[in-house]
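Q:
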Amino acid sequence: MQSNFSTIDWLIVGTYLLGTVAVGVYVNRFIKGMGDFLVAGRSLKTRLGIATMIGSELGLVTAMYASQKGFTGGFAAFHIGILAGITALVVGLTGFIVVPLRQSGVLTIPQFYEQRFGSSRLRIFGGLLLALSGILNMGLFLKAGATFLTGLTGVEDDTTIKLVMTGLLLLVLVYTSLGGMVSVIITDFVQFVVLSIGLLLACGFAVSQLGWKTIVQTVETVHGNAGFNPFDGEGFGPSYVIWMIFLGIVSCAVWQTAAIRACAAEDEQTVKRLYTWSSLGFMMRFMIPQFLGICALTFLWNNDSGKALFFSSDGTPIQSESLRAMPVFLSQLLPLGLIGLVGAGMIAAFMSTHDTYLLCWASVLAEDVVNPLAPGRFSHNGRLKLTRIFLVLIAAFLLVWSLWYELEQDLWDYMAVSGAIYFTGAFAVLLAGLYWKYASTTGASLALAAGTLAILGLGPVQELFGVADLFKENGITSAQVGLFTTILAIVLMVVGSLIFPQCQSSLEEKGTPNS
């Protein structure tokens, strides 16, 4: 299936990439310390905050895993985006978690653990879990990017693709290391504009070429009722829908890459407006790529070559091929120029997601793991250098992990499980720490430890511990593992706090950490 990607389209992509590096070099002059580097001096205003929030969350990996869900789940996959939008709106209107977190003045969530519970050990433990979970969470971003590039451009040479992805990662390192959050915000804004235009044009073009009636009929043929009803047991099922409600909350209020926008906001009212208006973006970042995945399903099902490549003999989508369905579809459908615009937007999205994630996890390791182990030894400039070193080390790990790990489930489910290692426990700690005066260090430690059980939702881990067959025989899904872990973390938070209450005199002696 020959791609329509041409030399002109490569020029469009290359011009954009050079511009992003120039941004990083330029804004480096404004970085005076960790406050500027991590949270842009806490000067983020509403409109720019909304754009950078959506831009960061609407990455290439988002488009890939969302389109894969549309391809394998049909219109029923829309419930993921709808629930994400509703929960973000509720967080924005109420200020749930994010407003008191901004009021605390912390730079990272693990820093809040020490501020609230007076325990540097808890901060270090929480920081390690957050960094481990976050780095694993973005571990397959490069693989998703490589899959997109091969599908869109038609370049099948594996070595060439790896070199291109490595080059993109190096570009991200350059402007993120130089410009920090200031650079991230500016490039996210540009990416938001470019990708939004490209995706909307692609959706309109897809509907005009395929026809709405054909799209609906194809989903019905391939998926049946499960393609429209998310509660259908043959598709997503009730437990998955409940899991998505919880993920909607944590993705905007607890996940560090989103919460750091609240920490960077100018004031508490800006935080509320940021999440209220960003709720539409949290919804559409799923639904637009999911719709493109549905269009890919329609196109490939009704194309002899596509049907042979992406569907098994019984008509079901082939799991191992489903991730590249959307870029292959775009390579066949979009004309000269438009395909370059979409490609530039997607690659920009790849870079903007990497810059935010790399900055978050590197700063957590520097601020919440290393610095508390040696208090007073690192100046602001020393912590800044340490953060930049971690940026490079994490990037090197990602190159290795993306080549080694074999994806045995949908990419979105992998990301949900790997993120749950942190956020199931962190949700319990933040909820109790912010709203319950009896929350204690012991309860928080038990909750964070319980969250690590979420790793059992990953297929290779199940095989490693010899429980894969047990899970399969009993129909235990990754969503059910995540829900069980969340409930367990909350229970242990409450029980641990009641049995081992916080020693107030000890807490007052320890005081609160410097930000």
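Just so you know, we're using my numbering here: the sequence shown kicks off at 29 and counts up by one. For glycine and all other residues, C-beta sits at the position ideal for the given N, C-alpha and C.
Quick one: is P541 buried, meaning 16 or more other Cβ sit within 10 Å of its Cβ, or exposed?
A: As a position in the sequence shown, residue 541 is number 513, starting the count at 1. Here P541 scores only 40 on pLDDT, less than 50, and its place in the model should not be relied on; the value that follows carries that caveat. By the 10 Å Cβ count, P541 comes out buried.
Q: For S95, which of L158, N331, F176, Y44 has the nearest alpha-carbon?
A: Counting from 1 along the sequence shown, the entry for residue 95 is found at position 67. Ranking L158, N331, F176, Y44 by Cα distance to S95 puts F176 first.
Q: Do E349 and F357 have their C-beta atoms closer together than 8 Å?
A: Walking along the sequence shown from the start, residue 349 turns up at place 321. Walking along the sequence shown from the start, residue 357 turns up at place 329. For E349 and F357, no; Cβs fall outside 8 Å.
Q: Under 8 Å, do A91 and K97 count as touching if we go by C-beta distance?
A: Within the sequence shown, the letter at position 63 stands for residue 91. Within the sequence shown, the letter at position 69 stands for residue 97. Cβ atoms of A91 and K97: not closer than 8 Å.
Q: For F339, write down the residues that DSSP places opposite it in a beta bridge.
A: Residue 339 sits at position 311 when you count from the first residue of the sequence shown. F339 is bridged to P345.
Q: Can you look up A402 in the DSSP assignment and give me helix, strand or coil?
A: As a position in the sequence shown, residue 402 is number 374, starting the count at 1. Three-state result, A402: coil.
Q: Can you give the Cα-Cα distance for A353 and R151, rounded to whole angstroms?
A: On the sequence shown, position 325 is the one that residue 353 refers to. On the sequence shown, position 123 is the one that residue 151 refers to. Each residue's alpha carbon lies about 42 Å from the other.
Q: Mapping DSSP to helix, strand and coil, what is L526?
A: As a first step, residue 526 is located in the sequence shown; it is residue number 498 there, counting from the start. It is helical.
Q: Is it buried or exposed, V41, if we count other Cβ atoms within 10 angstroms and call 16 or more buried?
A: For the purposes of this step, residue 41 is taken as residue 13 along the sequence shown, with counting starting at 1. That one is buried.
Q: Which value, in whole angstroms, describes the spacing of the CA atoms of I346 and L439?
A: In the sequence shown, the residue the question calls residue 346 occupies position 318. In the sequence shown, the residue the question calls residue 439 occupies position 411. Looking at the two C-alpha atoms, the distance is approximately 14 Å.
Q: Could you check where the alpha helix (DSSP H) with W283 kicks off and where it finishes?
A: Taking the sequence shown and counting its residues from 1, the one referred to as residue 283 is at position 255. From DSSP, W283 is part of no alpha helix (DSSP H); its letter is neither H nor E.
Q: Nearest-angstrom Cα distance between L526 and S473?
A: Counted from its first residue, the sequence shown places residue 526 at position 498. Counted from its first residue, the sequence shown places residue 473 at position 445. So the alpha carbons of these two residues sit roughly 13 Å apart.
Q: Can you tell me where the alpha helix (DSSP H) holding K465 begins and where it ends?
A: For the purposes of this step, residue 465 is identified with residue 437 of the sequence shown, where counting begins at 1. Taken as a continuous stretch (DSSP letters only), K465 belongs to no alpha helix (DSSP H), as it is neither H nor E.
Q: Can you say whether D295 is buried or exposed, counting buried as having 16 or more other CB atoms within 10 angstroms of its CB?
A: As a first step, residue 295 is located in the sequence shown; it is residue number 267 there, counting from the start. It is exposed - the Cβ of D295 has fewer than 16 other Cβ atoms within 10 Å.
Q: Report the rounded CA-to-CA distance for G167 versus W429, giving the unit in angstroms.
A: In the sequence shown, residue 167 corresponds to position 139, counting from 1. In the sequence shown, residue 429 corresponds to position 401, counting from 1. So the alpha carbons of these two residues sit roughly 6 Å apart.
Q: Please determine if the stretch 390 to 399 and the stretch 240 to 260 are in contact, where contact requires at least 3 C-beta pairs separated by less than 8 Å.
A: No contact exists between the stretch 390 to 399 and the stretch 240 to 260.
Q: By how many angstroms is the C-alpha of G155 removed from the C-alpha of L66?
A: Residue 66 sits at position 38 when you count from the first residue of the sequence shown. Residue 155 sits at position 127 when you count from the first residue of the sequence shown. Since pLDDT at L66 reaches only 42, below the 50 mark, its modelled position is unreliable, and no value is offered.
Q: Under 8 Å, do S31 and S359 count as touching if we go by C-beta distance?
A: Taking the sequence shown and counting its residues from 1, one reaches residue 31 at position 3. Taking the sequence shown and counting its residues from 1, one reaches residue 359 at position 331. It is a contact, given that the beta carbons lie within the stated cut-off.
Q: Report yes if the C-beta distance between S307 and G113 is below 8 Å; otherwise report no.
A: Taking the sequence shown and counting its residues from 1, the one referred to as residue 307 is at position 279. Taking the sequence shown and counting its residues from 1, the one referred to as residue 113 is at position 85. Yes.
Q: Residue range of the alpha helix (DSSP H) that A353 falls in?
A: Here residue 353 refers to the residue found at position 325 of the sequence shown. 353 to 361 is the span of the alpha helix (DSSP H), which, as asked, contains A353.
Q: How many Å lie between A324 and A376 at the Cα?
A: By one-based count along the sequence shown, residue 324 stands at place 296. By one-based count along the sequence shown, residue 376 stands at place 348. Answer to the nearest angstrom: the Cα atoms are 22 Å apart.
Q: If you draw a straight line from the alpha carbon of I422 to that of V398, how long is it in whole angstroms?
A: Your numbering for residue 422 matches position 394 in the sequence shown. Your numbering for residue 398 matches position 370 in the sequence shown. Whole-angstrom Cα-Cα distance: 15 Å.
Q: Kindly indicate which three-state DSSP category S306 falls into: helix, strand or coil?
A: If you number the sequence shown from 1, residue 306 lands on position 278. Here S306 sits in helix by DSSP.
Q: Report the three-state DSSP secondary structure of F176 (helix, strand or coil).
A: For the purposes of this step, residue 176 is identified with residue 148 of the sequence shown, where counting begins at 1. F176: helix per DSSP, three-state reduction.
Q: The alpha helix (DSSP H) that contains E142, what's its start and end?
A: For the purposes of this step, residue 142 is taken as the residue at position 114 of the sequence shown. That run of the alpha helix (DSSP H) goes 137 to 145.
Q: Mark Y141 as exposed unless 16 or more other C-beta atoms lie within 10 angstroms of its C-beta, in which case mark it buried.
A: Counting from one through the sequence shown, the residue named residue 141 turns up at place 113. Under this definition Y141 is a buried residue.
Q: For the alpha helix (DSSP H) containing M166, name the first residue and the last one.
A: To locate residue 166, count along the sequence shown from 1; it is residue 138. From DSSP, M166 is part of no alpha helix (DSSP H); its letter is neither H nor E.
Q: With distance defined between alpha-carbon atoms, name the residue in Y268, A444, G133, L157 nearest to L486.
A: Here residue 486 is taken as the residue at index 458 of the sequence shown, counted from 1. Comparing Cα positions, the closest option is A444.
Q: So the alpha helix (DSSP H) F99 belongs to, where does it begin and stop?
A: As a position in the sequence shown, residue 99 is number 71, starting the count at 1. 88 to 101 is the span of the alpha helix (DSSP H), which, as asked, contains F99.
Q: Which of the three DSSP states, helix, strand or coil, is assigned to F264?
A: Taking the sequence shown and counting its residues from 1, the one referred to as residue 264 is at position 236. Reduced to three states, the DSSP call for F264 is coil.
Q: Whether or not the stretch 359 to 369 and the stretch 261 to 275 are in contact is what I'm after, with contact meaning three or more pairs of Cβ atoms, one per stretch, closer than 8 Å; do they touch?
A: No, the stretch 261 to 275 is not in contact with the stretch 359 to 369.
Q: If I'm right that A475 touches G453 with Cβ under 8 Å, what's the distance once you round it to whole angstroms?
A: For the purposes of this step, residue 475 is taken as the residue at position 447 of the sequence shown. For the purposes of this step, residue 453 is taken as the residue at position 425 of the sequence shown. About 5 Å separates the two Cβ atoms, so the contact holds.
Q: Out of curiosity, what's the CA-to-CA distance linking W283 and V522?
A: Counting from 1 along the sequence shown, the entry for residue 283 is found at position 255. Counting from 1 along the sequence shown, the entry for residue 522 is found at position 494. Answer to the nearest angstrom: the Cα atoms are 22 Å apart.
Q: Can you tell me the Cα-Cα spacing of T178 and E184, whole angstroms?
A: Along the sequence shown, one-based indexing puts residue 178 at 150. Along the sequence shown, one-based indexing puts residue 184 at 156. Their Cα atoms are separated by approximately 6 Å.
Q: Would you mind stating whether M374 and L88 have Cβ atoms separated by less than 8 Å?
A: For the purposes of this step, residue 374 is taken as residue 346 along the sequence shown, with counting starting at 1. For the purposes of this step, residue 88 is taken as residue 60 along the sequence shown, with counting starting at 1. Contact: yes.
Q: Find out if the Cβ-Cβ distance for the pair Y144, G461 is shorter than 8 Å.
A: For this step, residue 144 is matched to residue 116 along the sequence shown. For this step, residue 461 is matched to residue 433 along the sequence shown. The identity of residue 144 in the sequence shown is Arg, whereas the question assumes Tyr. Taking 8 Å as the Cβ cut-off, R144 and G461 qualify as a contacting pair.
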